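Numbering (my numbering), first residue to last: 778 to 1459. Quick reminder that beta carbons are idealized off the backbone N, C-alpha and C, glycines included. This one's a predicted model, so the numbers in the text were calculated from it and none came from an experiment. The next block holds one structure in the form of structure tokens; read it before the comments.
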Amino acid sequence: MAKNTLYQFLIGFKQEAAAHGIRIEQDSNRQQVSYLRISLPEINAAPLKLLAHHISVYANESESNPFLSQYHYTGLFMDELGHTWKAHLYFNEEDLIIHCDYTVVANSTASSSTAPITHTQLKPPFRDDEMMQLAKLVCEPVMSYLRVSFNHKVSSLCEAYQRLEQEATELSKDPRCEHYPAKLVEICGILRELDPLVRHSKYKAIQNFITRLLVGLQTIESQDAPVEEEPISISVAASSEPQSMSFFSQSPREPKKERQLDDESIAELSLRFTNLEEATPEVQVQQFPSLFAILNSLSLLRGAGRNTLVSLHQLYKDMRTFGELVFKKSLLLGYFKAAAEMKMFHHLLSEQDLELALHLNKALLLKFILKHGDKSLLKRPVKVKGSVFPSPVHACIGLDNSSSSMHDCLTVLVNFGASMLQRFDNGLPIGHIILSRKESKLRDALYSCPNSPGHCPTFFNHLINTLQVFINSHSEMEAKERESLENSIKEYSYRKTAASWTQYIQTSTSGKSYIRDLGFATSFADSVPLIKKLVDDLDYLAILAEKQQLEMCYLKLCSNSDRQAWVKSSGSTNKAVFSVAPATFLMLELVPYEVFKQMILKKIRQEIEELRVACETLLQESEISRKSNHQSQRSRTNHILCEAMARTEDQISQLEDRGHQYQECEELKELVAEALTESYRP
778 MAKNTLYQFL IGFKQEAAAH GIRIEQDSNR QQVSYLRISL PEINAAPLKL LAHHISVYAN
838 ESESNPFLSQ YHYTGLFMDE LGHTWKAHLY FNEEDLIIHC DYTVVANSTA SSSTAPITHT
898 QLKPPFRDDE MMQLAKLVCE PVMSYLRVSF NHKVSSLCEA YQRLEQEATE LSKDPRCEHY
958 PAKLVEICGI LRELDPLVRH SKYKAIQNFI TRLLVGLQTI ESQDAPVEEE PISISVAASS
1018 EPQSMSFFSQ SPREPKKERQ LDDESIAELS LRFTNLEEAT PEVQVQQFPS LFAILNSLSL
1078 LRGAGRNTLV SLHQLYKDMR TFGELVFKKS LLLGYFKAAA EMKMFHHLLS EQDLELALHL
1138 NKALLLKFIL KHGDKSLLKR PVKVKGSVFP SPVHACIGLD NSSSSMHDCL TVLVNFGASM
1198 LQRFDNGLPI GHIILSRKES KLRDALYSCP NSPGHCPTFF NHLINTLQVF INSHSEMEAK
1258 ERESLENSIK EYSYRKTAAS WTQYIQTSTS GKSYIRDLGF ATSFADSVPL IKKLVDDLDY
1318 LAILAEKQQL EMCYLKLCSN SDRQAWVKSS GSTNKAVFSV APATFLMLEL VPYEVFKQMI
1378 LKKIRQEIEE LRVACETLLQ ESEISRKSNH QSQRSRTNHI LCEAMARTED QISQLEDRGH
1438 QYQECEELKE LVAEALTESY RP
């Protein structure tokens, strides 16, 4: 969990803030976790009544957890019906709201952070945009002042560090100057104050290096200091008898001589560094990490003279400056493995690098930046090819075209948690914009991994609710646009069922294997135009959702062994169907779409009927078992249930036989032949 730089700054800024009318106090929540509470002025929140509000800043934050954002606004309101609401709005370091949360508290006296909160199903008396506007209204003046002060503090410390480094360099040129160590101590003090205010560890690494130099300098000074000799008094033993030599009175062994830092080691490293500066960029990228590691290891050695330590310090600064250039070269040349080893330069990854990755459409570069850089880059505006986009996801949509698809870059953004619920220019969720582009490859990015939005029922639930609210709030909308959004709502309800089905199937190891096979089938469908068109057909999605619901019902009712057998059989079926000769699928090009669609729907309806019978039989079997446990003799009800189950045993076996038919690929061939016959009928 990352440190919260804002929290570290505010700890020492309480008095200055109080002078500007901003009260910052230490407090703790119900879990006894301490945080800083920033007071806010009272406002008119009509039609709500504001009871209390403040800003909370915790010591740690997490990019992946919105509840651990850099700070959040807490407001307590009473609505017109007398209900008391507590609103939490979470902000990132860019002062953008990333999450909203509303709960009903027990009563209006619950302004204390320790008051119990009662969750109810009441609908909040305000919309997200209304509460966001209110929170920004009260937070912006306070946070703007604190941000300016924070940035000024960091920039002042950075300038002080640069100035002290230059002064230390000048002092190091005079071997008789006694102020050089004191200047290094002063530099460490600045770095110690600067490190908590930045996310990266650059200044901490420099501080550690200089601290090791100071230890070496102090050792030299202690060795050069004169030692006062005390008079030696020889005491004669009372007894003149010779004493025997014991083990403890023997002279100790000389300790093993440790390696010491000398001028030869520095000269050798300096020569290698000079040669590296003249080498090709490829050689520089590959050899610099190991060379810099040697430099750090030399700083751990002792026994060097003052001039040697000064030379080591200067070489360290030169190599860090050169390393920044090498790190940038490694990114441009694609040496990401070497760049990953240069952790001391990862803080250099910025939004300019992200913009470059999007401009060049380099997914691997984008992945490296998000993996080793600041995750907040996902939420920042970017400027690519002269256009400004609200986020990298918006940029992928704006830059995508048939000749240069941004699919790979969008996949990286999705896998790193980029929100698909943020709004597009027209006010609709960006996930809907992507899914509505049927011919774009961007849609596949939402299904790129098991945790992607396309496999999450909650994602589609959010889309459905957002589109419904959008339709209700735009009464002037044209009929064609309204119909399009309503069809999208239907589609997302079906895809929500498919996502639930996928999550359920993946609860077992064999189920995960089955999903992988299904993913292969989905990618194969892109090469067959009829299948590609079918998978987006609302009629197909509707009947598929019905089948998937019955499959989940069947798998929940059957035994574990039957469940594993079903998954294994289905996976084999999938492999068999999509491993047939390409000529079989080429035949589909001769079939009209509507004829092919009706053939597929007919087949799925048959499977639905078989699944329905299977579920009914399993329910009957469960009922018989339950009644048998309570009755000693076979009752009339049990007899009827047994007869019903016997009548459907043949239908159950059809589920097993169908898998073998698929493996032989006969059904697919028959389906194509039947579709061709239908297409030529008058």
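query: Going by the beta-carbon positions, is the gap between residue 782 and residue 927 smaller than 9 angstroms?
result: Yes, Cβ-Cβ distance for residue 782 and residue 927 is below 9 angstroms.
- prompt: Less than 9 angstroms separating the beta-carbons of residue 1118 and residue 1160?
  reply: No, Cβ-Cβ distance for residue 1118 and residue 1160 is not below 9 angstroms.
- prompt: Apart from the five residues on each side of it in sequence, which residues of its chain come closer than 8 angstroms, Cβ to Cβ, to residue 1378?
  reply: Cβ contact annotation for residue 1378 (same chain, cutoff 8 angstroms, sequence separation greater than five): 1316, 1317, 1320, in chain order.
- prompt: Taking C-beta to C-beta, are residue 1208 and residue 1240 nearer than 9 angstroms?
  reply: With respect to the 9 angstroms criterion, residue 1208 and residue 1240 are classified as neighbours on the basis of their beta carbons.
Closest residue to residue 1088 among 1181, 1329, 947, 1155 (Cα-Cα distance): The shortest C-alpha separation from residue 1088 is found at 947.
query: How many Å lie between residue 1177 and residue 1257 at the Cα?
result: Residue 1177 and residue 1257 have their alpha carbons spaced roughly 26 angstroms apart.
Residue span of the alpha helix (DSSP H) that contains residue 1129, given as start and end: Here the alpha helix (DSSP H) through residue 1129 covers 1128–1137.
- prompt: So, are the CB atoms of residue 967 and residue 941 less than 9 angstroms apart?
  reply: Yes, Cβ-Cβ distance for residue 967 and residue 941 is below 9 angstroms.
- prompt: Under a Cβ-count criterion, where at least 16 other Cβ atoms within 10 Å of its own Cβ denotes burial, should residue 1203 be classed as buried or exposed?
  reply: With fewer than 16 other Cβ atoms inside 10 Å of its own Cβ, residue 1203 counts as exposed.
message: I'd like the span of the alpha helix (DSSP H) that includes residue 826, first residue to last.
response: Bounds of any alpha helix (DSSP H) do not take in residue 826; it lies within the beta strand (DSSP E) bounded by 826–835.
field: Rounded C-alpha distance that separates residue 949 from residue 1084
entry: Approximately 8 angstroms, taken between the alpha carbons.
message: For residue 1529 and residue 1128, I'd like the C-alpha separation in whole angstroms.
response: It is not possible to answer for residue 1529, since the shown part of the chain is limited to 778 through 1459.
task: To the nearest angstrom, report how far apart residue 1341 and residue 1326 are at their CA atoms.
output: So the two alpha carbons sit approximately 18 angstroms from each other.
Given residue 1227 as reference, the closest of 1253, 1277, 1254, 826 once Cα atoms are compared: Cα-wise, what sits closest to residue 1227 is 1277.
- request: Give the secondary structure of residue 1317 by DSSP, where H, G and I count as helix, E and B as strand, and everything else as coil.
  value: Correct three-state label for residue 1317: helix.
- request: Starting from residue 799, follow the alpha helix (DSSP H) in both directions and report where the run begins and ends.
  value: Run containing residue 799: none; DSSP gives neither H nor E here.
message: Measuring straight from C-alpha to C-alpha, what distance separates residue 800 and residue 831?
response: Straight-line measurement puts the Cα of residue 831 at about 10 angstroms from the Cα of residue 800.
field: Length at least 4, wholly inside the region 1049–1127: the alpha helix (DSSP H) runs in chain order
entry: Restricting attention to alpha helix (DSSP H) runs no shorter than 4 residues, the region 1049–1127 encloses them at 1058–1075, 1083–1110, 1113–1118, ordered along the chain.
- request: Closer than 7 angstroms by C-beta to residue 1328: which residues in its own chain qualify, once you throw out the five before and the five after it? Chain order, please.
  value: Correct list, in chain order: 1278, 1388.
- request: Report back the beta-carbon spacing between residue 1461 and residue 827 to the nearest angstrom; my notes put them in contact at under 8 angstroms.
  value: Because the chain spans 778 through 1459 in this model, residue 1461 falls outside it and cannot be assessed.
field: Cα-Cα separation, residue 1331 to residue 1380
entry: So the alpha carbons of these two residues sit roughly 19 angstroms apart.
field: Three-state class that DSSP yields for residue 1309 in the structure shown
entry: Three-state DSSP puts residue 1309 in a helix.
Coarse secondary structure for residue 1166, derived from DSSP in three states: Residue state, collapsed to three classes: strand.
message: Quick check: what's the CA-CA separation for residue 1165 versus residue 1125?
response: Going by the C-alpha atoms only, they are around 22 angstroms apart.
query: With a cut-off of 9 angstroms, does the C-beta of residue 1395 fall near any C-beta of chain B?
result: Among the chains of the structure shown, chain B does not appear; only one protein chain is present.
task: Look at the alpha carbon of residue 1372 and the alpha carbon of residue 1216, and state the distance between them as a whole number of angstroms.
output: Between the alpha carbons of residue 1372 and residue 1216 lies a distance of about 22 angstroms.
query: residue 803 by DSSP, collapsed to three states: which one?
result: If DSSP states are grouped into helix, strand and coil, residue 803 belongs with the strands.
query: Taking only runs of the alpha helix (DSSP H) that begin and end inside the region 1197–1240, which ones reach a length of at least 4 residues, in chain order?
result: Runs of alpha helix (DSSP H) with 4 or more residues, each lying fully within the region 1197–1240, are found at 1207–1213, 1219–1222, listed in chain order.
task: Write down every uninterrupted run of the alpha helix (DSSP H) in the region 914–1001 whose length is 4 residues or greater and which is fully enclosed by it, in chain order.
output: Segments of the alpha helix (DSSP H) lying fully in the region 914–1001: 957–971, 979–1001.
message: For residue 1112 and residue 1190, I'd like the C-alpha separation in whole angstroms.
response: Counting only the Cα atoms, residue 1190 lies some 21 angstroms from residue 1112.
Residue 1096 vs residue 1135 beta-carbon contact at 9 angstroms: In this structure, residue 1096 keeps its C-beta atom at 9 angstroms or more from the C-beta atom of residue 1135.
message: Between residue 938 and residue 971, how many whole angstroms is the CB-CB distance? I'm expecting something under 8 angstroms.
response: So it is a contact: roughly 7 angstroms between Cβ atoms.
Extent of the continuous alpha helix (DSSP H) to which residue 786 belongs: Per DSSP, the unbroken alpha helix (DSSP H) holding residue 786 starts and ends at 782–788.
Bridge partners - residue 854, DSSP secondary structure assignment: Answer is 827, 862.
query: Taking DSSP as the reference, what is the three-state secondary structure of residue 1195?
result: In the structure shown, residue 1195 sits in coil (DSSP, three-state: anything other than H, G, I, E or B).
message: I'd like the list of long-range same chain contacts for residue 802, defined as Cβ closer than 6 angstroms, with 5 residues on each side in sequence excluded.
response: Contacts found: 814.
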